[in-house]
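Please read the structure below before turning to the comments.
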Amino acid sequence: MEKIVRKWLVAFVALGALAGGSAQASNTAPVIVMSITPTNYGMVYFTHAGTRTQIPSCGAASNSRYAFSVATPGGQAMLSTLLTAFATHKPVTIVGTSACDQAAPDTESAAYFVISD
């Protein structure tokens with residue numbers, strides 16, 4: 003299981019590097035996930051305890067919340083990783099996309115996150 007999670011993490015990091023990053027994409031130091039809210043329309047919202055940098059204007063009202071879609075295998079892998087971090091109380095470093103998804107217009111989308119030891 004750990005090997006699979008690590009492979010997905012590497013894939014997300016590579017995807018983030020290929021996609022490039024905007025100067026407005028937020029990120030966190032290692033933080034603890036405080037809540038996870040899946041919705042019936044395929045979005046997952048989650049909050050964290052800790053600081054966040056460079057919040058885009060669309061997500062300024064919800065500075066400790068990120069969102070992502072679980073409509074793709076990548077989003078489902080992100081949810082699995084996030085649930086693992088939450089259940090084990092492991093800190094995560096979160097990197098945003100600098101954009102708010104149409105389904106979550108007040109919340110920055112998460113590009114990827116990394117579980118810390």
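Each residue of the sequence shown is one higher than the last, beginning at 3 in this note's numbering. Where a beta carbon is used, it is the ideal one built from N, C-alpha and C, also for glycine. All of these numbers come straight from a predicted model, not from anything done at the bench.
N42 has no beta-bridge partner at all, per DSSP. A distance below 7 Å between beta-carbons, with the five flanking residues on each side excluded, links G98 to the following residues of its chain, in chain order: A27, S28, N29, Y68, E110, S111, A112 and A113. By the Cβ test, the segment 60–67 is not in contact with the segment 81–96, since fewer than three Cβ pairs between them sit closer than 8 Å. In this structure, F70 places its C-beta atom within 7 Å of the C-beta atom of G77.
Nearest to A87 by C-alpha distance, out of A101, A73, P107 and T49, is T49.
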